[in-house]
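Working notes for the structure below.
Written out as structure tokens, the structure is:
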């Protein structure tokens, strides 16, 4: 039981946590503090203790108190119900907390101040301006007054006495930055309006403060003297934080950023702020260069300040709908960044990999990335309309483009020694990390994006004056044939081939009308350069770099691998896939696997040609999967390649099917909590089953494959994996059933998983399709073992009005009805009554569903009426009338309306046969059925006028004129009878297609002649209900109410002879 809260108890708890030496004590203290959080006085006392050095001596205890306050105050700032008790911090207590928090502006402990700034930002998100109107004015006043005090100290030369105002400025700027950061997270209009209003208020007030502070901070001409001044580091930090505040304010005025300076009626505050930043950035970079390595804290402060300027400039130009690239002086900023990038490329103090990054490096890694992104974004905004009289336009611009390209090729696109070391230590990890490279975080991806932009927007009216970027890269490629095969040569080739692949669209004349030659040169380069270079032997480990890059460019240019060259390409890729130390490694193999996938998944692929390489390719891929890979992304890549190869070679994969099936369980068992590779493994097994199963009637391999499918499906539907791969597993299950000639024992128990999952919207449609395929393969077994649970679940689905899953249950039941014999249909009727599915189906028919949905439901009801032996359907309807508003007239009226509204003849005939069956089976208690005879006969009369069929009920011609009164006039008539396929049309020779054709041939619509059936129905009904009996009187009264002309037309249509087949 927790102790009662008091100031003394809180101090003791915090002291115990401060000096705790074991986890148990910390847990105990944490539980006690959590228990006190519901007491509003706890928060006041905690804050007072954190901000009062005299009350709680020791910085560690005060820091802990502020951290606890920051982490927990927002939980109860608004009223909450805890253990059925409302926990509320009173308004008076909130006022005291807010007032005390602003005391942090004079807090000497930096760690406490930082945590307090975060806490203030969290509270300000909800309280400013309504509950805390003086927050921002207080911070603004503190920044202005402390800035003025620092300025006075600078003029008087008394920086030694400026520590207090500097500390206030630091904390006030940090608090305001945290508040603005929280305000930005409010995405609704009111939040954006609040930020825009703050920008209009604070930008004109704080921007002069930043300029003056910057001048005061960096005024000293001598760098050494400047660094020795008291408080220099703190003033640099204050300038940095104030810059970040203005950054957020400038970004809030999106209307200004999205406008040209000349188009803005009111003062462009963002531009005014931006205009002062280029010289400030140049000053910071110069001062940092002069003092690099002088003092670690100063190096860190200057580096962060320099980064903040680059982030500001990049944010301005990348903002949505930004027009900053058209602002005056922006081109000068871009030129400055380009010159810095060029200087960095020529410098020995540049971080080209994250491992080399350090504040003592002249050009840090992140700085290079930001500069590349800014240059790329600006060029993308300008496109080919570069600012006039700048170094990026005209003839000078053409030269600059080529200089940028050469700089990228010689520096920023190249692998670094750190990259090569990572590759050598862990090739697979290196390949995965390279594939996941982010242009906003890494140099090479950012350089690649810049090169693509240069290539896309490079234009030359006169190619003789200067080539385009793409042509310049191609010229270097042609010259590279004579480059040495040393490590430096391999690295240079890697960068050049990367650039060549990225310029593909500008080298292909079919994609780019400005290209100066045809795309044959790309095909010739593959044939004459890339494939021979990849196959070169005896060049040692450095040539791995070239082989990997060639495999990548073959993937990038896969459409240019012409048919005559494909055998050579297959042979080279198989060599690269095969593990040979010194010639390949996992990085090369992964690149080759992806390229092989692209080549096999092409229209030009010929399985007969590839069959010569199939054995070696399968052996290499399976060895790679089974023995060499550990990363899930790598397994996914190779498994996807294997799936594509299996799909494309088809039945030729059978000799290797057993080995693949033996390998997959081991891959599946690898720990993969986020299921990165499991979808590819499921796809691989799916393609294997589809390729092999149709030809495995009664073979052990089919049972083995089905057992593997069952294992993976069960594992995928476990709670931890179901949201990630459940759908993929069900797709595998359904496609396995489609491709299989028979249902083997391993797949039968799997149906027990259908009922628990079929009610889930993501899984329901697929599971209904699985049920359809299963009942066609084993109709009686599924009925006896799994139908009760399945149909009870489907009843709950059908009971939901406007359910998006309505079609699945309808098709599932329809398929089962069509494949059962008479005895089993009786059992089905009993199950439909016991589970409530029959009642749910009838209710769905009577609901006002959309017309297409209603057509499907009406067709399923009609199928039951026709197929169920008498009197099961009538008993099912009578039983349903006891628990619903179902009545024969309403049901028959729906059937008549749908029959008259449908455009497709087969479902119309089915509905007519259903009405006939209902009339024949009507008993004495079903007298209200006979009252519907006029409408039924009217529907029959209209249908008979359009049906043309032979004596066996086969319709050779079903034609009718289009009618605007019928909502459904187009589509395949099977759409109303069979479910759609899974991701593509069934192959004509697939087992599922054969079963579907056989089912269609046995359909009652195909086998029962309509006219004789309807005529017999009328005769049976008239003889069954003679005049003088209550049903007979109802029947004859209904007939007498009809127009004699309609009855005459019906009689003549019924007597019309069958159509001739000749």
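Residue numbers (my numbering): 30 to 1091.
A virtual CB, placed ideally from N, CA and C, is assigned to each residue, including glycine.
None of these values were measured; they are calculated from a predicted model.
Going by Cα to Cα distance, which pick from the options is closest to residue i?
| i | options | result |
| --- | --- | --- |
| residue 1159 | 370, 418, 1081 and 674 | Any property of residue 1159 remains undetermined from this structure, which presents the chain solely from 30 to 1091. |
| residue 1047 | 932, 315, 264 and 1065 | 1065 |
| residue 215 | 195, 199, 155 and 260 | 155 |
| residue 709 | 662, 750, 748 and 376 | 662 |
| residue 188 | 444, 773 and 260 | 260 |
| residue 168 | 180, 186 and 132 | 132 |
| residue 1081 | 383, 969 and 483 | 969 |
| residue 69 | 121, 42, 736 and 83 | 121 |
| residue 399 | 381, 828 and 739 | 381 |
| residue 125 | 74, 94 and 158 | 74 |
| residue 667 | 457, 117 and 927 | 457 |
| residue 233 | 270, 81, 275 and 203 | 275 |
Can the beta-carbon of residue i be found less than 8 Å from the beta-carbon of residue j?
| i | j | result |
| --- | --- | --- |
| residue 763 | residue 805 | no |
| residue 211 | residue 224 | no |
| residue 731 | residue 760 | no |
| residue 1174 | residue 378 | A question about residue 1174 goes unanswered here, because the residues of the chain that appear run from 30 up to 1091. |
| residue 179 | residue 242 | yes |
| residue 849 | residue 900 | no |
| residue 45 | residue 58 | yes |
| residue 842 | residue 873 | no |
| residue 522 | residue 578 | yes |
| residue 525 | residue 505 | yes |
| residue 28 | residue 499 | Given that the chain is displayed from residue 30 to residue 1091, the structure contains no residue 28 and the question cannot be resolved. |
| residue 812 | residue 857 | yes |
Just to confirm my understanding: we take residue i, look at its own chain, exclude 5 residues before and 5 after, and list those with CB closer than 6 Å. What are they?
| i | result |
| --- | --- |
| residue 943 | 891, 894 and 895 |
| residue 1057 | none |
| residue 1098 | The shown model of the chain, from 30 to 1091, leaves out residue 1098, and the question about it has no answer. |
| residue 38 | 32 |
| residue 748 | none |
| residue 527 | 442 |
| residue 940 | 891, 924 and 928 |
By Cβ distance, which residues of its chain are closer than 8 Å to residue i, with the 5 residues on each side in sequence left out?
| i | result |
| --- | --- |
| residue 815 | 780, 781, 783 and 784 |
| residue 1085 | 973 and 1040 |
| residue 722 | 731, 734, 765, 768, 769, 770 and 1020 |
| residue 345 | 279, 280, 286, 299, 303, 351 and 353 |
| residue 1103 | The question about residue 1103 has no answer, for the chain in this structure spans 30 to 1091. |
| residue 314 | 335 and 369 |
| residue 227 | 165, 209, 212, 278 and 281 |
| residue 436 | 370, 371 and 374 |
| residue 601 | 560, 563 and 564 |
| residue 394 | 380, 381, 382, 383, 385, 386 and 472 |
Per DSSP, residue i is paired with what?
| i | result |
| --- | --- |
| residue 215 | Beta-bridge pairing links residue 215 to no other residue. |
| residue 392 | 379 |
| residue 1056 | 1058 |
In chain order, what residues of the same chain lie with their CB nearer than 7 Å to the CB of residue i, ignoring the 5 residues before and after it?
| i | result |
| --- | --- |
| residue 604 | 564 |
| residue 207 | 146, 147, 149 and 150 |
| residue 176 | 198, 238, 241 and 242 |
| residue 824 | 864, 865, 866 and 869 |
For a test of the three-state rule: what should DSSP assign to residue i, helix, strand or coil?
| i | result |
| --- | --- |
| residue 977 | strand |
| residue 938 | helix |
| residue 676 | helix |
| residue 853 | helix |
| residue 276 | helix |
| residue 486 | coil |
| residue 662 | helix |
| residue 543 | The pLDDT assigned to residue 543 is 48, lower than 50, so where the model puts this residue is not dependable, and the model offers no usable value. |
| residue 1069 | helix |
| residue 120 | helix |
| residue 34 | coil |
| residue 1048 | helix |
Determine, for residue i, whether the minimum Cβ-Cβ distance to residues of chain D falls below 8 Å.
| i | result |
| --- | --- |
| residue 616 | The chain labelled as chain D is not found in the depicted structure, where only one protein chain is given. |
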